[in-house]
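First residue of the sequence shown: -10, per this note's numbering; consecutive thereafter. Beta carbons are placed, not taken as given, at the ideal position from N, Cα and C, and that holds for glycine. First the structure, in the form of C-alpha coordinates, and then the observations on it.
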Amino acid sequence: MNHILFINILLAILIVFFERRNPSVTWAWLMILFFVPILGFLLYLFLGQDLRKKKLFALKEEEDQIERMVHRQEEILSQKDIELDYPNIKECKDIIYLHLVGHNALYTQKNNVQIFNNGNDKFKKMIKDIKKAKKFIHIEYYIIRNDWLGRKIVELLTQKAREGVEVKLLYDGMGCIWLPKNFFKSLIEAGGQTSCFFPPFLPYINLRVNYRNHRKLCIIDGQISYVGGINIGTKYLGLSKKMGFWRDTHLRICGSAVDNLELRFLLDWRFSTKGSKIIEKKYFPDKNINGNTGIQIVSSGPDSKWSSIRNGFLKMISLAKEKIYIHTPYLIPDDSLLEALKIASLSGVDVRIIIPNKPDHMFVYWASLSYVGELLQAGIKCYTYEKGFMHSKMVLVDDFVSTIGTANFDIRSFKMNFEVNAFIYDKSTNIRLQKQFIRDLEDSKEITLEIYKDRSFGVKFKESVSRLLSPML
(Lines of atoms letter the chains of each structure in order from A and count residues from 1; the text may use other names and numbers.)
(Lines give C-alpha, C1' and ligand atoms only; values in the text may rest on other atoms or scores of the structure.)
Protein backbone atom coordinates (compact mmCIF):
# COMPACT_ATOMS: atom_id res chain seq x y z
CA MET A 1 0.00 0.00 0.00
CA ASN A 2 2.90 2.34 0.81
CA HIS A 3 4.28 1.71 -2.67
CA ILE A 4 0.95 2.70 -4.25
CA LEU A 5 0.83 5.85 -2.10
CA PHE A 6 4.38 6.77 -3.14
CA ILE A 7 3.57 6.22 -6.82
CA ASN A 8 0.42 8.33 -6.53
CA ILE A 9 2.38 11.17 -4.93
CA LEU A 10 4.82 11.05 -7.84
CA LEU A 11 1.93 11.09 -10.30
CA ALA A 12 0.39 14.06 -8.50
CA ILE A 13 3.69 15.97 -8.75
CA LEU A 14 3.91 15.05 -12.43
CA ILE A 15 0.38 16.26 -13.13
CA VAL A 16 0.63 19.53 -11.19
CA PHE A 17 4.16 20.71 -11.94
CA PHE A 18 5.13 19.23 -15.28
CA GLU A 19 2.11 18.58 -17.49
CA ARG A 20 0.50 22.04 -16.97
CA ARG A 21 -2.98 20.78 -17.71
CA ASN A 22 -6.28 22.60 -17.51
CA PRO A 23 -6.99 23.19 -13.77
CA SER A 24 -10.29 21.27 -13.88
CA VAL A 25 -8.52 18.23 -15.36
CA THR A 26 -5.74 18.51 -12.77
CA TRP A 27 -8.18 18.62 -9.85
CA ALA A 28 -10.18 15.69 -11.21
CA TRP A 29 -7.07 13.50 -11.38
CA LEU A 30 -5.79 14.58 -7.97
CA MET A 31 -9.11 13.71 -6.32
CA ILE A 32 -9.21 10.28 -7.96
CA LEU A 33 -5.60 9.55 -6.94
CA PHE A 34 -6.35 10.68 -3.38
CA PHE A 35 -9.66 8.90 -2.77
CA VAL A 36 -9.13 5.68 -4.76
CA PRO A 37 -5.34 5.30 -5.00
CA ILE A 38 -5.09 1.82 -6.53
CA LEU A 39 -7.88 2.38 -9.04
CA GLY A 40 -6.58 5.90 -9.63
CA PHE A 41 -3.13 4.59 -10.53
CA LEU A 42 -4.60 2.12 -13.03
CA LEU A 43 -6.90 4.76 -14.54
CA TYR A 44 -4.00 7.17 -14.95
CA LEU A 45 -1.92 4.46 -16.61
CA PHE A 46 -4.63 3.96 -19.24
CA LEU A 47 -6.32 7.38 -19.45
CA GLY A 48 -4.09 10.03 -17.94
CA GLN A 49 -0.98 10.17 -20.08
CA ASP A 50 -0.66 13.33 -22.14
CA LEU A 51 0.59 12.32 -25.55
CA ARG A 52 1.13 15.95 -26.51
CA LYS A 53 4.10 16.01 -24.14
CA LYS A 54 5.49 12.77 -25.52
CA LYS A 55 5.69 14.19 -29.06
CA LEU A 56 4.46 10.98 -30.62
CA PHE A 57 3.02 12.75 -33.62
CA ALA A 58 6.02 14.00 -35.55
CA LEU A 59 4.07 14.12 -38.80
CA LYS A 60 6.19 16.15 -41.17
CA GLU A 61 3.62 17.12 -43.76
CA GLU A 62 4.82 18.18 -47.16
CA GLU A 63 4.84 21.65 -45.65
CA ASP A 64 6.32 23.54 -48.58
CA GLN A 65 3.46 22.56 -50.90
CA ILE A 66 0.75 23.09 -48.30
CA GLU A 67 2.10 26.40 -47.02
CA ARG A 68 2.42 27.83 -50.53
CA MET A 69 -1.29 27.17 -51.08
CA VAL A 70 -2.17 28.60 -47.66
CA HIS A 71 -0.22 31.81 -48.26
CA ARG A 72 -1.84 32.19 -51.68
CA GLN A 73 -5.34 32.03 -50.15
CA GLU A 74 -4.27 34.28 -47.28
CA GLU A 75 -3.34 36.96 -49.80
CA ILE A 76 -6.75 36.60 -51.48
CA LEU A 77 -8.58 36.92 -48.16
CA SER A 78 -6.61 40.03 -47.23
CA GLN A 79 -7.73 41.84 -50.38
CA LYS A 80 -10.59 44.33 -50.07
CA ASP A 81 -12.36 42.99 -53.16
CA ILE A 82 -12.78 39.40 -52.06
CA GLU A 83 -12.65 36.92 -54.91
CA LEU A 84 -14.28 33.97 -53.20
CA ASP A 85 -17.69 33.40 -54.77
CA TYR A 86 -20.16 33.29 -51.87
CA PRO A 87 -22.88 35.88 -51.10
CA ASN A 88 -22.29 35.64 -47.32
CA ILE A 89 -18.50 35.75 -47.57
CA LYS A 90 -18.30 38.81 -45.28
CA GLU A 91 -19.92 36.88 -42.42
CA CYS A 92 -17.70 33.85 -43.07
CA LYS A 93 -14.41 35.56 -43.76
CA ASP A 94 -13.22 35.45 -40.13
CA ILE A 95 -13.95 31.72 -39.83
CA ILE A 96 -12.30 30.92 -43.17
CA TYR A 97 -9.25 32.96 -42.19
CA LEU A 98 -9.04 31.29 -38.76
CA HIS A 99 -8.97 27.81 -40.27
CA LEU A 100 -6.71 28.79 -43.15
CA VAL A 101 -3.98 30.58 -41.20
CA GLY A 102 -4.31 28.79 -37.87
CA HIS A 103 -4.96 25.27 -39.12
CA ASN A 104 -3.75 25.11 -42.75
CA ALA A 105 -7.30 24.29 -43.87
CA LEU A 106 -7.67 25.31 -47.50
CA TYR A 107 -10.96 26.84 -48.63
CA THR A 108 -12.52 25.05 -51.61
CA GLN A 109 -15.45 26.40 -53.60
CA LYS A 110 -16.46 23.94 -56.32
CA ASN A 111 -18.21 21.18 -54.37
CA ASN A 112 -21.46 19.23 -54.40
CA VAL A 113 -22.80 18.00 -51.06
CA GLN A 114 -25.35 15.27 -50.36
CA ILE A 115 -26.66 14.94 -46.79
CA PHE A 116 -27.61 11.61 -45.21
CA ASN A 117 -29.68 11.60 -42.01
CA ASN A 118 -29.40 7.88 -41.28
CA GLY A 119 -27.13 4.92 -41.94
CA ASN A 120 -29.42 3.12 -44.38
CA ASP A 121 -29.31 5.91 -46.95
CA LYS A 122 -25.59 6.47 -46.45
CA PHE A 123 -24.52 2.85 -46.90
CA LYS A 124 -26.78 2.26 -49.92
CA LYS A 125 -25.02 5.08 -51.73
CA MET A 126 -21.53 4.35 -50.42
CA ILE A 127 -21.72 0.68 -51.43
CA LYS A 128 -22.80 1.70 -54.95
CA ASP A 129 -19.86 4.11 -55.16
CA ILE A 130 -17.39 1.48 -53.93
CA LYS A 131 -18.64 -1.00 -56.53
CA LYS A 132 -17.88 1.56 -59.27
CA ALA A 133 -14.32 2.28 -58.03
CA LYS A 134 -11.64 1.96 -60.73
CA LYS A 135 -8.39 3.16 -59.15
CA PHE A 136 -8.36 3.34 -55.35
CA ILE A 137 -10.52 3.15 -52.23
CA HIS A 138 -9.21 4.66 -48.99
CA ILE A 139 -11.27 4.01 -45.85
CA GLU A 140 -10.68 5.18 -42.28
CA TYR A 141 -13.14 4.28 -39.51
CA TYR A 142 -13.27 4.42 -35.74
CA ILE A 143 -15.60 1.42 -35.42
CA ILE A 144 -16.08 -1.53 -37.77
CA ARG A 145 -18.33 -4.19 -36.26
CA ASN A 146 -18.22 -7.93 -36.83
CA ASP A 147 -21.80 -8.15 -38.09
CA TRP A 148 -23.34 -8.64 -41.52
CA LEU A 149 -22.77 -5.03 -42.56
CA GLY A 150 -19.15 -4.99 -41.43
CA ARG A 151 -18.49 -8.30 -43.18
CA LYS A 152 -20.29 -7.08 -46.32
CA ILE A 153 -18.08 -3.99 -46.54
CA VAL A 154 -14.92 -6.09 -46.12
CA GLU A 155 -16.13 -8.61 -48.72
CA LEU A 156 -16.82 -5.78 -51.16
CA LEU A 157 -13.38 -4.27 -50.57
CA THR A 158 -11.84 -7.72 -51.04
CA GLN A 159 -13.57 -8.08 -54.40
CA LYS A 160 -12.34 -4.66 -55.52
CA ALA A 161 -8.79 -5.56 -54.46
CA ARG A 162 -9.01 -8.72 -56.60
CA GLU A 163 -10.03 -6.50 -59.52
CA GLY A 164 -6.81 -4.53 -59.13
CA VAL A 165 -8.21 -1.53 -57.27
CA GLU A 166 -5.88 -0.18 -54.58
CA VAL A 167 -7.57 -0.66 -51.20
CA LYS A 168 -6.24 0.86 -47.98
CA LEU A 169 -8.23 0.46 -44.76
CA LEU A 170 -7.28 2.21 -41.52
CA TYR A 171 -9.12 1.31 -38.31
CA ASP A 172 -8.81 2.42 -34.69
CA GLY A 173 -7.24 0.09 -32.15
CA MET A 174 -9.79 0.90 -29.46
CA GLY A 175 -12.92 1.21 -31.58
CA CYS A 176 -12.22 -2.14 -33.26
CA ILE A 177 -10.73 -3.88 -30.22
CA TRP A 178 -13.26 -6.74 -30.35
CA LEU A 179 -12.70 -7.66 -33.98
CA PRO A 180 -11.26 -11.17 -34.47
CA LYS A 181 -7.64 -11.31 -35.61
CA ASN A 182 -8.55 -12.80 -38.98
CA PHE A 183 -11.31 -10.31 -39.77
CA PHE A 184 -9.34 -8.68 -42.61
CA LYS A 185 -7.52 -11.85 -43.73
CA SER A 186 -9.37 -12.20 -47.05
CA LEU A 187 -8.82 -8.52 -47.87
CA ILE A 188 -5.08 -8.76 -47.22
CA GLU A 189 -4.75 -11.98 -49.23
CA ALA A 190 -6.50 -10.23 -52.14
CA GLY A 191 -3.87 -7.48 -52.12
CA GLY A 192 -5.62 -4.94 -49.90
CA GLN A 193 -3.72 -3.13 -47.18
CA THR A 194 -4.88 -2.60 -43.59
CA SER A 195 -3.40 -0.79 -40.63
CA CYS A 196 -4.44 -0.36 -37.00
CA PHE A 197 -4.17 3.13 -35.51
CA PHE A 198 -2.66 2.76 -32.01
CA PRO A 199 -2.90 -1.06 -31.81
CA PRO A 200 -3.10 -2.70 -28.36
CA PHE A 201 0.25 -4.00 -27.13
CA LEU A 202 -1.54 -7.01 -25.61
CA PRO A 203 -4.92 -8.51 -26.62
CA TYR A 204 -7.69 -6.17 -25.39
CA ILE A 205 -5.20 -3.98 -23.48
CA ASN A 206 -4.42 -0.58 -24.96
CA LEU A 207 -2.45 1.98 -22.95
CA ARG A 208 -3.42 4.62 -25.51
CA VAL A 209 -7.12 4.02 -24.98
CA ASN A 210 -7.58 7.70 -24.17
CA TYR A 211 -6.46 8.77 -27.64
CA ARG A 212 -8.79 7.47 -30.32
CA ASN A 213 -8.91 7.98 -34.05
CA HIS A 214 -12.55 8.98 -34.20
CA ARG A 215 -12.46 9.90 -37.90
CA LYS A 216 -14.82 8.27 -40.40
CA LEU A 217 -13.67 8.74 -43.98
CA CYS A 218 -14.09 7.08 -47.34
CA ILE A 219 -12.42 8.41 -50.49
CA ILE A 220 -13.05 6.76 -53.87
CA ASP A 221 -10.87 7.44 -56.92
CA GLY A 222 -10.15 10.95 -55.65
CA GLN A 223 -13.59 12.02 -56.93
CA ILE A 224 -16.02 11.03 -54.16
CA SER A 225 -15.65 11.31 -50.39
CA TYR A 226 -17.69 10.56 -47.29
CA VAL A 227 -17.31 12.15 -43.85
CA GLY A 228 -19.61 12.28 -40.83
CA GLY A 229 -20.74 10.49 -37.71
CA ILE A 230 -21.83 7.04 -38.93
CA ASN A 231 -19.58 4.06 -38.14
CA ILE A 232 -19.77 0.66 -39.87
CA GLY A 233 -22.21 -1.76 -38.23
CA THR A 234 -25.88 -2.73 -38.10
CA LYS A 235 -26.31 -0.72 -34.89
CA TYR A 236 -25.92 2.39 -37.04
CA LEU A 237 -28.71 1.20 -39.33
CA GLY A 238 -31.11 1.42 -36.39
CA LEU A 239 -31.21 -2.35 -35.85
CA SER A 240 -30.20 -2.27 -32.17
CA LYS A 241 -33.14 -3.14 -29.90
CA LYS A 242 -31.65 -1.06 -27.10
CA MET A 243 -30.89 2.11 -29.09
CA GLY A 244 -33.60 1.91 -31.76
CA PHE A 245 -33.60 4.35 -34.68
CA TRP A 246 -30.13 5.83 -35.14
CA ARG A 247 -30.34 9.52 -36.06
CA ASP A 248 -27.03 10.67 -37.50
CA THR A 249 -25.59 12.95 -40.16
CA HIS A 250 -23.10 12.02 -42.86
CA LEU A 251 -21.94 13.86 -45.98
CA ARG A 252 -21.09 12.74 -49.49
CA ILE A 253 -18.81 15.36 -51.02
CA CYS A 254 -17.71 15.62 -54.64
CA GLY A 255 -15.35 18.37 -55.73
CA SER A 256 -12.21 20.15 -54.59
CA ALA A 257 -12.71 19.28 -50.90
CA VAL A 258 -12.12 15.60 -51.73
CA ASP A 259 -8.41 16.38 -52.06
CA ASN A 260 -8.30 17.71 -48.50
CA LEU A 261 -10.03 14.62 -47.10
CA GLU A 262 -7.62 12.46 -49.11
CA LEU A 263 -4.67 14.35 -47.63
CA ARG A 264 -6.09 13.77 -44.15
CA PHE A 265 -6.31 10.04 -44.82
CA LEU A 266 -2.79 9.85 -46.25
CA LEU A 267 -1.30 11.66 -43.25
CA ASP A 268 -3.04 9.25 -40.87
CA TRP A 269 -2.00 6.28 -43.00
CA ARG A 270 1.62 7.40 -43.03
CA PHE A 271 1.68 7.82 -39.26
CA SER A 272 0.07 4.43 -38.65
CA THR A 273 2.27 2.54 -41.14
CA LYS A 274 5.45 4.58 -40.50
CA GLY A 275 5.58 5.27 -44.22
CA SER A 276 7.38 8.07 -46.05
CA LYS A 277 6.25 9.89 -49.19
CA ILE A 278 2.50 10.40 -49.34
CA ILE A 279 1.66 13.09 -51.88
CA GLU A 280 1.41 11.33 -55.22
CA LYS A 281 -0.39 12.90 -58.14
CA LYS A 282 -2.54 9.81 -58.74
CA TYR A 283 -4.40 10.47 -55.47
CA PHE A 284 -5.35 14.02 -56.50
CA PRO A 285 -6.91 13.80 -59.98
CA ASP A 286 -8.55 16.69 -61.80
CA LYS A 287 -12.18 17.32 -60.90
CA ASN A 288 -15.06 18.13 -63.22
CA ILE A 289 -17.73 19.39 -60.82
CA ASN A 290 -20.25 22.17 -61.43
CA GLY A 291 -21.06 22.61 -57.74
CA ASN A 292 -20.65 25.88 -55.87
CA THR A 293 -20.58 24.86 -52.21
CA GLY A 294 -17.73 26.32 -50.17
CA ILE A 295 -16.05 23.86 -47.79
CA GLN A 296 -13.07 23.73 -45.47
CA ILE A 297 -11.91 20.38 -44.09
CA VAL A 298 -10.64 20.93 -40.55
CA SER A 299 -8.83 18.32 -38.47
CA SER A 300 -7.85 18.29 -34.82
CA GLY A 301 -6.30 15.91 -32.33
CA PRO A 302 -3.45 15.41 -29.86
CA ASP A 303 -1.06 16.19 -32.72
CA SER A 304 -2.58 19.65 -33.28
CA LYS A 305 -1.05 22.85 -31.97
CA TRP A 306 -4.55 24.32 -31.61
CA SER A 307 -7.94 22.83 -30.83
CA SER A 308 -8.96 23.58 -34.40
CA ILE A 309 -12.54 22.29 -34.50
CA ARG A 310 -13.33 23.66 -31.06
CA ASN A 311 -11.98 27.06 -32.11
CA GLY A 312 -14.20 26.90 -35.18
CA PHE A 313 -17.24 26.20 -32.99
CA LEU A 314 -16.34 29.13 -30.75
CA LYS A 315 -15.89 31.52 -33.67
CA MET A 316 -19.19 30.44 -35.25
CA ILE A 317 -21.08 31.00 -32.00
CA SER A 318 -19.52 34.45 -31.54
CA LEU A 319 -20.70 35.52 -35.02
CA ALA A 320 -24.32 34.37 -34.61
CA LYS A 321 -26.99 37.02 -35.07
CA GLU A 322 -30.23 35.01 -35.30
CA LYS A 323 -29.89 31.33 -34.41
CA ILE A 324 -27.58 28.54 -33.30
CA TYR A 325 -28.82 24.96 -33.78
CA ILE A 326 -26.81 22.07 -32.34
CA HIS A 327 -27.06 18.28 -32.53
CA THR A 328 -24.73 16.36 -30.24
CA PRO A 329 -24.82 12.98 -28.50
CA TYR A 330 -22.48 14.28 -25.78
CA LEU A 331 -22.80 17.79 -24.35
CA ILE A 332 -19.69 18.49 -22.27
CA PRO A 333 -18.46 21.94 -23.36
CA ASP A 334 -15.40 23.61 -21.90
CA ASP A 335 -15.84 26.87 -19.99
CA SER A 336 -15.29 29.10 -23.03
CA LEU A 337 -17.91 27.37 -25.17
CA LEU A 338 -20.36 27.24 -22.28
CA GLU A 339 -20.03 30.98 -21.71
CA ALA A 340 -20.19 31.72 -25.45
CA LEU A 341 -23.51 29.86 -25.76
CA LYS A 342 -24.95 31.67 -22.74
CA ILE A 343 -23.78 35.07 -24.00
CA ALA A 344 -25.30 34.40 -27.43
CA SER A 345 -28.64 33.48 -25.89
CA LEU A 346 -28.63 36.47 -23.53
CA SER A 347 -27.90 38.64 -26.58
CA GLY A 348 -31.13 37.53 -28.25
CA VAL A 349 -29.84 34.66 -30.41
CA ASP A 350 -32.19 31.65 -30.63
CA VAL A 351 -30.02 28.80 -29.28
CA ARG A 352 -31.42 25.26 -29.43
CA ILE A 353 -29.66 21.99 -28.61
CA ILE A 354 -30.89 18.42 -29.17
CA ILE A 355 -29.28 15.62 -27.14
CA PRO A 356 -30.23 11.94 -26.67
CA ASN A 357 -32.94 10.80 -24.26
CA LYS A 358 -31.01 7.62 -23.44
CA PRO A 359 -27.37 6.80 -22.71
CA ASP A 360 -24.93 4.80 -24.77
CA HIS A 361 -22.17 5.81 -22.33
CA MET A 362 -23.60 6.22 -18.83
CA PHE A 363 -21.19 8.74 -17.25
CA VAL A 364 -21.15 10.90 -20.39
CA TYR A 365 -24.95 10.92 -20.47
CA TRP A 366 -25.28 12.11 -16.88
CA ALA A 367 -22.47 14.64 -17.32
CA SER A 368 -24.28 16.05 -20.37
CA LEU A 369 -27.49 16.51 -18.37
CA SER A 370 -25.55 18.35 -15.67
CA TYR A 371 -24.85 21.20 -18.11
CA VAL A 372 -28.48 21.58 -19.16
CA GLY A 373 -29.48 23.55 -16.06
CA GLU A 374 -26.96 26.33 -16.72
CA LEU A 375 -28.03 26.54 -20.34
CA LEU A 376 -31.74 26.69 -19.49
CA GLN A 377 -31.17 29.53 -17.04
CA ALA A 378 -29.57 31.53 -19.85
CA GLY A 379 -32.66 31.04 -22.03
CA ILE A 380 -31.22 28.27 -24.20
CA LYS A 381 -33.75 25.66 -25.29
CA CYS A 382 -32.66 22.06 -24.76
CA TYR A 383 -34.44 18.96 -26.08
CA THR A 384 -34.13 15.19 -25.79
CA TYR A 385 -34.57 13.18 -28.97
CA GLU A 386 -37.41 10.68 -28.41
CA LYS A 387 -37.58 8.80 -31.73
CA GLY A 388 -34.37 6.84 -31.12
CA PHE A 389 -30.75 7.77 -30.43
CA MET A 390 -29.33 11.15 -31.45
CA HIS A 391 -25.75 10.65 -32.68
CA SER A 392 -25.59 13.53 -35.18
CA LYS A 393 -22.80 16.08 -34.75
CA MET A 394 -23.86 19.40 -36.25
CA VAL A 395 -23.56 23.09 -35.46
CA LEU A 396 -25.54 25.54 -37.63
CA VAL A 397 -25.25 29.32 -37.30
CA ASP A 398 -27.82 31.52 -39.05
CA ASP A 399 -27.88 30.44 -42.70
CA PHE A 400 -24.29 31.19 -43.63
CA VAL A 401 -22.16 28.49 -41.97
CA SER A 402 -22.52 25.00 -40.55
CA THR A 403 -20.18 22.20 -39.57
CA ILE A 404 -20.71 18.44 -39.76
CA GLY A 405 -18.23 15.70 -39.05
CA THR A 406 -16.95 13.39 -36.37
CA ALA A 407 -16.47 15.84 -33.48
CA ASN A 408 -18.95 15.82 -30.61
CA PHE A 409 -19.63 18.94 -28.55
CA ASP A 410 -17.44 17.66 -25.74
CA ILE A 411 -13.96 17.99 -24.26
CA ARG A 412 -12.85 14.56 -25.50
CA SER A 413 -13.45 15.53 -29.12
CA PHE A 414 -11.79 18.91 -28.62
CA LYS A 415 -8.65 17.67 -26.85
CA MET A 416 -8.08 13.92 -27.06
CA ASN A 417 -9.68 12.37 -30.13
CA PHE A 418 -8.46 12.62 -33.69
CA GLU A 419 -11.40 14.30 -35.44
CA VAL A 420 -12.30 15.80 -38.81
CA ASN A 421 -15.15 18.18 -39.70
CA ALA A 422 -16.41 19.86 -42.85
CA PHE A 423 -17.19 23.56 -42.40
CA ILE A 424 -19.83 24.42 -45.01
CA TYR A 425 -20.36 27.90 -46.44
CA ASP A 426 -23.49 27.56 -48.56
CA LYS A 427 -26.93 29.02 -47.88
CA SER A 428 -28.96 26.35 -49.69
CA THR A 429 -27.17 23.51 -47.86
CA ASN A 430 -27.59 25.25 -44.52
CA ILE A 431 -31.30 25.84 -45.15
CA ARG A 432 -31.67 22.09 -45.76
CA LEU A 433 -29.93 21.42 -42.45
CA GLN A 434 -32.21 23.92 -40.72
CA LYS A 435 -35.34 22.24 -42.08
CA GLN A 436 -34.11 18.85 -40.90
CA PHE A 437 -33.39 20.29 -37.46
CA ILE A 438 -36.97 21.58 -37.25
CA ARG A 439 -38.22 18.08 -38.17
CA ASP A 440 -36.01 16.65 -35.43
CA LEU A 441 -37.62 19.04 -32.94
CA GLU A 442 -40.97 17.40 -33.75
CA ASP A 443 -39.46 14.08 -32.60
CA SER A 444 -38.02 15.64 -29.45
CA LYS A 445 -39.20 16.71 -26.01
CA GLU A 446 -38.27 20.08 -24.56
CA ILE A 447 -36.56 20.12 -21.16
CA THR A 448 -38.13 23.00 -19.28
CA LEU A 449 -36.73 24.55 -16.11
CA GLU A 450 -39.67 23.07 -14.19
CA ILE A 451 -38.88 19.57 -15.46
CA TYR A 452 -35.17 20.04 -14.75
CA LYS A 453 -35.71 21.27 -11.19
CA ASP A 454 -37.99 18.30 -10.48
CA ARG A 455 -35.11 15.79 -10.81
CA SER A 456 -34.76 13.22 -8.06
CA PHE A 457 -31.85 13.22 -5.60
CA GLY A 458 -30.47 10.10 -7.28
CA VAL A 459 -30.37 11.79 -10.68
CA LYS A 460 -28.74 14.91 -9.22
CA PHE A 461 -26.11 12.75 -7.50
CA LYS A 462 -25.28 10.91 -10.75
CA GLU A 463 -25.01 14.23 -12.57
CA SER A 464 -22.72 15.71 -9.92
CA VAL A 465 -20.33 12.75 -9.88
CA SER A 466 -20.26 12.60 -13.68
CA ARG A 467 -19.73 16.37 -13.92
CA LEU A 468 -16.72 16.02 -11.63
CA LEU A 469 -15.26 13.42 -13.97
CA SER A 470 -16.27 15.27 -17.15
CA PRO A 471 -12.77 16.61 -17.96
CA MET A 472 -11.64 12.99 -18.40
CA LEU A 473 -14.72 11.51 -20.11
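> Straight-line CA distance for Q291 to F403?
Replying inline: Inspection of the sequence shows that residue 291 is occupied by Pro rather than by Gln. The alpha-carbon atoms of P291 and F403 are separated by roughly 9 Å.
> In chain order, what residues of the same chain lie with their CB nearer than 6 Å to the CB of S445, ignoring the 5 residues before and after it?
Replying inline: Around S445: no qualifying Cβ.
>> In this structure, how does DSSP classify K231 when only helix, strand and coil are distinguished?
In response: Of the three classes helix, strand and coil, the one that applies to K231 here is coil, per DSSP.
>> Helix, strand or coil, according to DSSP, for Y272 in the structure here?
In response: Three-state DSSP puts Y272 in a helix.
> Would you call the segment 279 to 298 and the segment 241 to 260 touching, i.e. three or more CB-CB distances under 8 Å?
Replying inline: Between the segment 279 to 298 and the segment 241 to 260, the count of Cβ pairs shorter than 8 Å is three or higher; the stretches touch.
> Which runs of the beta strand (DSSP E) spanning at least 3 residues fall entirely within the segment 242 to 323, listed in chain order?
Replying inline: Counting whole runs of 3 or more residues, the segment 242 to 323 contains the beta strand (DSSP E) stretches 283 to 289, 312 to 316.
>> Measuring only the C-alpha atoms, how far is S433 from L138?
In response: C-alpha separation (whole angstroms): 29 Å.
>> Quick check: the Cα distance between L146 and A367, rounded to an integer number of angstroms?
In response: Distance from the CA of L146 to the CA of A367, rounded to the nearest whole angstrom, comes to 50 Å.
>> Helix, strand or coil, according to DSSP, for F173 in the structure here?
In response: Assigned with DSSP and collapsed to three states, F173 falls in coil, not helix or strand.
>> I want to check one thing, is the minimum distance from the CB of N106 to the heavy atoms of the ligand MN below 7 Å?
In response: The model on display carries no ligand, and the ligand MN is accordingly not part of it.
>> Contact criterion: CB-CB distance below 8 Å. Does I142 meet it with respect to chain C?
In response: The question asks about chain C, but that chain is absent: this structure has only one protein chain.
>> So for G162, helix, strand or coil by DSSP?
In response: G162 carries a coil assignment under DSSP once its states are collapsed to helix, strand and coil.
> Taking the Cβ atom as the reference point for each residue, do L422 and L385 lie within a distance shorter than 8 Å?
Replying inline: A distance below 8 Å separates the beta carbons of L422 and L385.
> What is the C-beta distance between D469 and E311, in whole angstroms, given that I count them as a contact (C-beta under 8 Å)?
Replying inline: Past the edges of the chain, shown from -10 to 462, lies residue 469, and the structure says nothing about it.
> Which word fits F398, buried or exposed, when buried means at least 16 other C-beta atoms lie within 10 angstroms of its C-beta?
Replying inline: So F398 counts as buried.
> Do L240 and V102 have their C-beta atoms closer together than 8 Å?
Replying inline: Yes, these two residues count as a Cβ contact at 8 Å.
> For L206, which residues from the same chain have a beta carbon less than 8 Å from its beta carbon, with the 5 sequence-adjacent residues on both sides left out?
Replying inline: H127, I128, E129, Y130, S214, Y215, V216, L250, R253, F254, V409.
>> Checking 8 Å against the spacing of the C-beta atoms, do G337 and W235 come in under that value?
In response: Not in contact: G337 and W235 (Cβ atoms no closer than 8 Å).
> How would you write the range of the beta strand (DSSP E) that Q103 sits in, first residue to last?
Replying inline: Counting along the chain, the unbroken beta strand (DSSP E) around Q103 starts and ends at 100 to 105.
> Taking only runs of the beta strand (DSSP E) that begin and end inside the segment 331 to 391, which ones reach a length of at least 3 residues, in chain order?
Replying inline: Fully contained in the segment 331 to 391 are the following beta strand (DSSP E) runs of length 3 or more, in chain order: 339 to 345, 370 to 374, 377 to 379, 383 to 386.
> Can you name, in chain order, every residue of its own chain whose Cβ lies under 7 Å from the Cβ of M379, other than the five neighbours on each side?
Replying inline: So the list reads R236, H316, P318, I343, I344, P345, once near-sequence residues are dropped.
> Leaving out the 5 sequence neighbours to the left and right, which residues in its chain are closer than 7 Å to V361 when beta-carbon positions are compared?
Replying inline: Around V361: C371, I436, Y441.
> Who are the Cβ neighbours of I219 in its own chain at under 6 Å, not counting the five residues just before and after it?
Replying inline: These residues qualify, in order along the chain: G108, K111, Y225, D237, H239.
> What is the DSSP secondary structure of L327, counted as helix, strand or coil?
Replying inline: Reduced to three states, the DSSP call for L327 is helix.
>> Restricting to Cα atoms, I'd like to know which of I208, V154, D387 is closest to F273.
In response: With distances taken between Cα atoms, F273 lies closest to I208.
>> Can you tell me whether T147 is helix, strand or coil according to DSSP?
In response: Judged by DSSP in its simplified three-state form, T147 adopts helix.
> Buried or exposed: where does E439 fall if 16 or more other Cβ atoms within 10 Å of its Cβ makes it buried?
Replying inline: Around the beta carbon of E439, a 10 Å sphere encloses fewer than 16 other beta carbons of the protein chains shown; the residue is thus reported as exposed.
> Considering only residues of the same chain and omitting the five flanking positions on each side of G280, which have a CB-CB separation below 8 Å?
Replying inline: So the list reads K99, N100, N101, V102, C243, G244, once near-sequence residues are dropped.
> How would you call F450, buried or exposed, if buried means at least 16 neighbouring beta carbons within 10 angstroms?
Replying inline: Its Cβ having fewer than 16 others within 10 Å, F450 is exposed.
> What number of angstroms, rounded off, separates the C-alpha of F120 from the C-alpha of G211?
Replying inline: Rather than Phe, the amino acid found at residue 120 in this sequence is Lys. K120 and G211 have their C-alpha atoms roughly 15 Å apart.
> To which residues of the same chain is S455 closer than 6 Å at the C-beta, ignoring the five residues directly before and after it?
Replying inline: Once the five neighbours on either side are set aside, the close Cβ partners of S455 are F352, W355, A356.
>> According to DSSP, is N202 part of a helix, a strand, or is it coil?
In response: Reduced to three states, the DSSP call for N202 is strand.
>> Within 10 Å of its beta-carbon, does K270 have 16 or more other beta-carbons around it, so buried, or fewer, so exposed?
In response: Here K270 is exposed: its Cβ has fewer than 16 other Cβ atoms, across all protein chains shown, within 10 Å.
>> By the DSSP assignment, the beta strand (DSSP E) with E152 in it spans what residues?
In response: Where E152 is concerned, there is no enclosing beta strand (DSSP E), given that its DSSP letter is neither H nor E.
> What number of angstroms, rounded off, separates the C-alpha of W258 from the C-alpha of D443?
Replying inline: CA-to-CA, the gap between W258 and D443 works out to about 50 Å.
> Count the other CB atoms within 10 Å of the CB of K157; is the residue buried (16 or more) or exposed (fewer)?
Replying inline: By the neighbour-count rule (16 or more Cβ atoms within 10 Å), K157 is buried.
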